[in-house]
Structure formats: C-alpha cells, structure tokens
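Each residue of the sequence shown is one higher than the one before, starting from 1 at the first, in the UniProt record's numbering.
We put the beta carbon where it would ideally sit given N, CA and C, even for glycine.
Every value quoted in this text rests on a predicted model; they were computed, and no experiment measured them.
So the structure is just underneath, and the comments pick up after that.
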Amino acid sequence: MTKFLIVNADDFGLSPGVNRGIAEAFAAGGITSASMMVNMPGFQDAVRLARLNPFLGVGLHFNLTYGKPLSEPRLVPSLVNSSGAYLGIRSAAAWTDKDIATELAAQWNRFVSTGLRPTHLDSHHLLHQNIPSVFNVMASWAEREGIPMRRSQTPIEPNGQQAWTTDYIWLDTYHEEDGLLRLLRCLHNLPDGTTEIMCHPGYADDILRELSEWANVREAEQAVFCHPSVGLTIQALGICPIHYGMLIKKRCEMERIPIPSLAAAPTDLIPAIEPAPEPQPLREKQQRLIHSGKNRKKKRSPAKRRRAGRASPARGRRRQRSRKRRKRPS
C-alpha cells in the first residue's frame with residue numbers, strides 16, 4: 001500500500017515572518033500544506049504567497065483565541081470581552097454553538113472572498129481536539145463543504161458528528177537539538193495510508209514576538225523543515241507527498257461527484273467580473289456594410305472599360321498622334 005504524507009504548517013497569516021518561513025519550507029520540499037489564519041496581521045501577505053505558490057495546499061486555521069473575531073461582538077457575545085477581543089481558551093466552557101458557528105462562517109467567507117478555497121479545516125490551539133462543541137460545529141461545516149478536517153486524537157462519541165480526515169496524524173515539536181533526527185525517524189516509520197505531520201516553521205519578526213512566545217521555536221523548526229535531508233528522505237523512501245486538496249480530488253473521482261467550487265460562498269463577497277463593453281453603433285454599421293458588400297468597389301465589365309477608355313482624353317491624344325504619323329510621306 002502507498003504511503004501518502006501531508007506536512008502541514010500551522011499559522012500561515014499570523015505574521016509576514018511566519019509567512020516567509022512557510023513559503024521557504026515549501027520551496028525546500030519540507031512541507032506540502034499550510035493552514036491560514038484570516039483574522040491576523042499577516043493575512044493579506046499570506047494570500048499573496050498562496051497565489052504565487054498554487055501547488056501549496058492552503059486550509060482554514062479556525063481561530064477563536066488570538067486577536068479579535070471577524071464577526072461583530074454583539075453577534076458572538078460568548079467569545080469576546082468588553083473590548084471585543086477573544087476571551088481565550090480558558091472561557092471555552094461558556095462558548096455557545098451558535099457563536100462558534102457564526103464566527104466560523106465569517107472566517108470561511110473571508111477566506112473564499114480572496115478567490116481561494118480551503119483544502120481542509122483545522123483549528124488554532126487544536127480546539128477541535130479538546131472542545132466537543134467546536135469539533136461538532138467544524139465537522140458539520142466540513143461535511144457540508146466537502147472538505148477534510150484535521151484528525152482528532154480525542155475519542156468521538158458513537159452518535160456524535162463524524163469528520164472525513166487522514167488515517168494518522170503526528171503531533172510533535174522539532175525545535176530541540178534532535179528535532180531533525182526525530183523527523184527523519186518519523187519518515188522512516190511512516191505507516192501505510194495517509195499521515196499528517198504538523199509543524200510550526202517561521203521567522204521571528206516584531207509582530208510574532210508581540211503575539212507569541214514561540215518565536216524561537218518557530219525559527220528552530222524553520223531550520224529543520226528547510227533542511228535538504230527532509231525532501232531527499234521523502235523521495236528516497238518512495239513516500240508520496242500530497243496536500244488535502246489532492247484527497248478531495250481523489251475522493252470526488254472515486255464517488256463520481258463534482259469537485260467543490262466557490263459556489264457555496266456568498267456572491268457579494270466574490271469580486272464580480274465586469275462585462276465586456278458593447279460595440280459602438282458605428283462599428284456595427286460598418287460590419288453590416290462589409291457583410292452585405294455595399295461598400296466594396298465593384299469590378300467593371302470589359303465593355304464598360306472599353307467605353308471608358310474611348311472617352312479618356314489621354315487615349316484620344318494617342319490616337320491623334322498615331323493618325324499624323326500615318327499621313328507623313330515615306
């Protein structure tokens with residue numbers, strides 16, 4: 001059985017430094033996928049890099065703990081404090097399904113308004129792994145949109161919401177001295193089927209240092225996933241590197257269903273294409289004349305050409321000179 005591998009970098013869109021690190025790791029062959037945060041300072045820069053790297057799978061990194069929601073605070077009261085910022089994971093017990101779904105819809109719509117479509121769905125701080133209400137809302141949304149969701153290691157209730165996902169997931173950090181060695185060992189022991197390896201590469205910038213305590217961790221993982229031995233080992237072991245979008249295509253082909261498009265997104269959030277300008281009336285008239293032949297120069301018949309020649313002054317002078325030459329004595 002073939003071994004398929006998704007190496008997914010979290011927090012795409014967190015800051016320009018993180019974005020640059022993820023793009024470089026993808027170019028080095030160390031990652032195949034990324035999860036984008038749409039409510040953070042580096043979002044527009046991440047969209048730009050995603051368009052420059054169309055073979056990088058990009059999913060939605062649903063965020064309920066960093067910064068502020070995209071929804072108006074009055075629409076998601078259980079998620080925010082008096083200043084409109086997220087309350088954080090410690091207040092998760094008070095989150096309502098309605099508020100979670102409202103903010104998920106807002107973040108999804110922000111993503112697809114760029115013209116991109118998420119290849120998968122996961123969450124910041126692995127919320128869907130630890131909070132059943134978040135998992136149920138996300139799984140329901142992923143099923144509706146026909147996309148996979150990051151595998152949850154938390155046991156799912158038999159009658160609970162299910163999710164389409166990978167066979168395995170490898171949750172680890174690679175910032176310590178033996179990080180590269182542990183990653184290579186993981187690749188050598190990869191099971192048959194589809195496995196996701198989660199990582200957090202990135203370069204520390206001022207925005208990242210202000211938002212996260214993981215700046216040094218990200219730079220250490222940046223060095224690991226940009227190391228040439230990672231891509232070479234994947235190739236040498238015959239592992240097939242993929243992203244979640246390839247799983248979507250394969251599933252749609254097997255089940256003979258259309259590949260999901262942007263049809264589910266609100267039309268007012270997708271830039272409209274302006275129609276081509278109407279042809280000018282004068283040009284239309286010219287086209288009609290051309291097709292009807294009215295403006296073409298008509299060819300004259302031989303008889304008309306002869307008559308025109310007889311009436312020509314030049315031809316008359318030539319005839320007079322010819323008669324004078326014949327009258328001269330020899």
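Under the three-state DSSP convention, the category residue i falls into
i    : result
D10  : strand
G193 : strand
Y244 : helix
S83  : coil
L127 : helix
I22  : helix
D205 : coil
L52  : helix
M138 : helix
L70  : coil
L187 : helix
L64  : coil
L121 : strand
E284 : Residue confidence is low: E284 scores 49 on pLDDT, short of 50, so the model does not pin down where it sits. No coordinate-derived value is stated.
T115 : Note that residue 115 corresponds to Gly in the displayed sequence, not to Thr. DSSP places G115 in coil when its eight states are reduced to three.
N39  : coil
W108 : helix
E143 : helix
P228 : helix
A46  : helix
In DSSP terms, what residue i is bridged to
i    : result
Y174 : For Y174, which the question treats as bridged, DSSP gives no partner whatsoever.
P58  : A small fix is needed here, since residue 58 is Val in this sequence, not Pro. Beta-bridge pairing links V58 to A34.
Y168 : T195
F4   : T194, C240
M149 : L121
Closest residue to residue i among the options (Cα-Cα distance)
i    : options                : result
L121 : N63, C226, D97, Q222   : N63
A25  : R151, V38, D10, N109   : D10
H61  : P73, P54, N39          : N39
A105 : G30, Q44, E72          : E72
A27  : V230, G238, G245       : V230
D99  : P77, S113, G88, N136   : P77
Y244 : T119, R209, I169, E210 : T119
R48  : G67, N109, N19         : N19
W108 : E176, N130, P41, M37   : M37
L183 : D172, W164, S212, R110 : D172
A204 : I131, V137, A220, N189 : A220
D45  : T65, E143, G30, G21    : G21
S140 : T195, T165, C199       : T165
R90  : M198, L127, A101       : L127
P241 : F43, E176, G193        : G193
I248 : S212, C186, G146       : G146
E103 : Q129, H125, R74, S33   : R74
S123 : I31, I234, P148        : P148
G42  : I207, R110, I239, T65  : I207
Presumed contact (8 Å Cβ cut-off) between residue i and residue j, rounded CB distance
i           : j    : result
L79         : P69  : 6 Å
I169        : E196 : 5 Å
residue 334 : S35  : Only positions 1 to 330 of the chain appear in this structure, which leaves residue 334 out of reach.
L180        : L237 : Not really, about 16 Å apart at Cβ, beyond 8 Å.
H175        : V134 : That pair is no contact at about 27 Å.
Residue environment, residue i, which counts as buried when at least 16 other CB atoms sit within 10 Å
i    : result
I6   : buried
C226 : buried
S82  : exposed
G88  : exposed
R150 : buried
A215 : buried
N189 : exposed
T96  : exposed
L52  : exposed
P16  : buried
T2   : exposed
L14  : buried
R117 : buried
N295 : Per-residue confidence for N295 stands at a pLDDT of 48, beneath the threshold of 50, marking its modelled position as unreliable; the derived number appears in the next sentence. It is exposed - the Cβ of N295 has fewer than 16 other Cβ atoms within 10 Å.
G29  : buried
A93  : exposed
Q222 : buried
G115 : exposed
L232 : exposed
P191 : exposed
F12  : buried
8 Å Cβ cutoff, residue i in contact with chain D
i    : result
I248 : The structure shown contains no chain D, having only a single protein chain.
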